[in-house]
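Under my numbering, the first residue of the sequence shown is numbered 143, with each subsequent residue one higher.
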Amino acid sequence: MTATRIIHVDMDAFFASVEQRDNPSLKGLPLAVGGKAKERGVIATASYEARKFGIRSAMPTATAVKLCPDLILLPPDHRKYAKVSQELMDILGRYTPEIEPVSLDEAFMDVTGSLALFGGAENIGRMVQADIISSLKLTASVGIGPNKFIAKLASDWKKPGGLTVVEDVEGFLAELPVSSLWGVGPHTVNKLEKIGVRKVSDLRGLSLRYLAENYGAAGERLYEMARGIDHRAVTPERKAKSVGRETTFPADISDRQVLLDKLLGMADYICRALRRHGLVCRGVTLKIKYPDLRVVTRAVTLGEGTSDGLKVYKAAEDLLGSNWSGEPVRLIGVSCSRLADRDSLQGALFSDPVKDRSRELHRVVDHLLDRYGEKSLVRGRLLGKGNCRERDDGGQ
Ligand code: TTP
Ligand code: MG
C-alpha cells in the first residue's frame, strides 16, 4: 500500500504580492494591505520587505506606520483576491481532485493517488510552484508530509518560496517550540512551561493519561501532535457534505451491546437531522478509536438513499461486525455522507406501500420530537441508557 502523501500549498504574502504583481512599481517596497490608521484599521498582510520592520498581520495600522514611516498602505480588493484564489485552486486541480481549500491562499492536496502519474510528491510540489509562477506571476511555499498537520508545518518552514519534504517526522518536530503546534496558544504554552515543557520533544515525555487529566480534550490532541499523528482526511468540498456524531466513552468499552446501542442512538439522531433538511444519504461510515489512539474508519455505500435511522444503524452494525475484533473501544462514531435531496431521488412512478408507511411514521415521530423535545421519544431498546460525551463530528 502506498503511504499517504499530503501537500500543503500556501501563497507568500498573498494580498500584498497580488498588489505588487499588478503594480510593478511597488515591487521591492515595504507595502501593507489593510485599513487606514485614522479609522483604527489593522494590517491584513505585509510584503516581506515590510515584515523586516516587524509589521505583521492583525497589527493596528497606526503601530505599523510607527515602525515603518515609509510604509505604503493599500486598501484590500477582496474581489481580486478571490479571483486569484480560484485560479490557484484550478492549478492544484491539475494534479489531483483531492483538494481541500483552507482559505483564499492555502489548500491541502492528497496526492497519494497521483504519485505514479507525476513521479512523486516532491515533483508535484515543484510543478505546482512552477505553474503558480508562470500562470499567476506569484510565489507559493509548499510542505509535504504524511498528513495535514505535518504538511502545514512544513509549508511554513522556508517561506517565501520554499519547498520542504518531511520524511523524518520525529526529527522534524523535536526541536520545534510547542507554540508552533496547531491550537497551542499562550495559555497552554505558559502552563506547559511551568512543568519544563518547551519543545515538542519535551511534550513527548508526557503520558496520554497526564495530558488528558490536565488538558481535557486538548490533551489528546497534544499527545498526538507531539508524535506527528493526524487522522484528518483531506476533504474536497464535494465530500465535505456529511453529518455525523461521535462519542468518547468515560471508560473504554468492550461490551458489543453498549456499542450497538450507542450506534442506534446516533443513527436515529443523524437521520432526524437529514429528514429535517429533506436529505437522504447513501454513504455510512463507522469510526472506532482504540485506547492507544489508533483510528479505524470503514465506509459502505447503500443501494439507495435513506434517512431511516434503522437502515443507517444496520449498515453501521455490519461494519462493526466485520471490523471490530472485540478490543476495548475509546470512541465510536458514525457519519452519513453522499447526501442528496430526498425529492431528487423519488423517481418512482408508483408508490411503495412499505416506504410510504415508514415515511409516515417518521413524519409523526419528527412532529412529536419537534413539539415535545428530543427526549420525548426514545426507541424502547434505548430506554434508561445513559449518555456519554457526545459531539457532532464537524460534518456539515
Ligand atoms: P496568510 O497565508 O496567513 O499570510 P500571507 O499569505 O499574507 O503571508 P505568508 O503566508 O507568506 O506568511 O494569510 C493569507 C491572506 O489572508 C493574507 O495575505 C491576508 C489575509 N489575512 C488577513 O486579512 N488577516 C489576517 O490576520 C491574516 C493572518 C491573513
Ligand atoms: Mg499565505
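Beta carbons are placed, not taken as given, at the ideal position from N, Cα and C, and that holds for glycine.
Since the structure is predicted, the reported quantities are computational estimates derived from the model, not experimental observations.
Neighbourhood of residue i by C-beta, 7 Å cutoff - its chain only, sequence neighbours within 5 removed
| i | result |
| --- | --- |
| residue 199 | 185, 186 and 187 |
| residue 404 | 389 and 474 |
| residue 271 | 282, 284 and 305 |
| residue 489 | For residue 489, the predicted model reports a pLDDT of 43, less than 50, meaning its position is unreliable and no value from the coordinates is stated. |
| residue 417 | 449, 504 and 508 |
DSSP state of residue i mapped onto helix, strand, coil
| i | result |
| --- | --- |
| residue 372 | coil |
| residue 163 | helix |
| residue 235 | coil |
| residue 155 | coil |
| residue 200 | coil |
| residue 521 | coil |
| residue 319 | strand |
| residue 480 | strand |
| residue 192 | helix |
| residue 335 | helix |
| residue 502 | helix |
| residue 544 | Any property of residue 544 remains undetermined from this structure, which presents the chain solely from 143 to 538. |
Cα-Cα separation between residue i and residue j, rounded to whole angstroms
| i | j | result |
| --- | --- | --- |
| residue 225 | residue 287 | 28 Å |
| residue 183 | residue 331 | 29 Å |
| residue 305 | residue 163 | 22 Å |
| residue 158 | residue 260 | 32 Å |
| residue 239 | residue 510 | 43 Å |
| residue 408 | residue 160 | 47 Å |
| residue 487 | residue 424 | Because the pLDDT at residue 487 is just 47, under 50, the model does not fix this residue reliably, and the point stays unresolved. |
| residue 443 | residue 358 | 35 Å |
| residue 318 | residue 459 | 43 Å |
| residue 481 | residue 202 | 44 Å |
| residue 441 | residue 217 | 47 Å |
| residue 236 | residue 294 | 21 Å |
| residue 367 | residue 325 | 10 Å |
| residue 145 | residue 254 | 7 Å |
| residue 263 | residue 257 | 6 Å |
| residue 352 | residue 375 | 27 Å |
| residue 320 | residue 421 | 43 Å |
| residue 342 | residue 477 | 33 Å |
Own chain, CB closer than 8 Å to residue i, minus 5 neighbours either side, in chain order
| i | result |
| --- | --- |
| residue 172 | 188, 189, 191, 192, 194, 195, 197, 210, 212, 213 and 214 |
| residue 355 | 361 |
| residue 396 | 468, 469, 470 and 471 |
| residue 465 | 428, 430, 438 and 440 |
| residue 234 | 151, 241, 249, 251 and 270 |
Per DSSP, the bridge partner or partners of residue i
| i | result |
| --- | --- |
| residue 242 | 250 |
| residue 326 | DSSP lists no partner for residue 326. |
| residue 173 | 214 |
| residue 207 | Paired residues: none, contrary to the question. |
| residue 282 | 153 |
Host alpha helix (DSSP H) of residue i (start-end)
| i | result |
| --- | --- |
| residue 343 | 342-345 |
| residue 294 | 290-297 |
| residue 413 | 398-418 |
| residue 273 | 263-273 |
| residue 259 | 257-260 |
| residue 355 | 350-357 |
Cβ-heavy atom distance, residue i to the ligand NAP, below 8 Å
| i | result |
| --- | --- |
| residue 248 | For the structure depicted, the ligand NAP is absent and the ligand set comprises only the ligand TTP and the ligand MG. |
Neighbourhood of residue i by C-beta distance below 6 Å, restricted to the same chain and skipping five residues each side
| i | result |
| --- | --- |
| residue 123 | Past the boundaries of the shown model lies residue 123; the chain is included only from 143 to 538, so the question cannot be answered. |
| residue 299 | 306 |
| residue 314 | 308 |
Where the beta strand (DSSP E) through residue i begins and ends
| i | result |
| --- | --- |
| residue 391 | 385-395 |
| residue 186 | 185-188 |
| residue 464 | Premise fails: residue 464 lies in the alpha helix (DSSP H), 451-465, not in any beta strand (DSSP E). |
| residue 427 | 421-431 |
| residue 445 | 437-448 |
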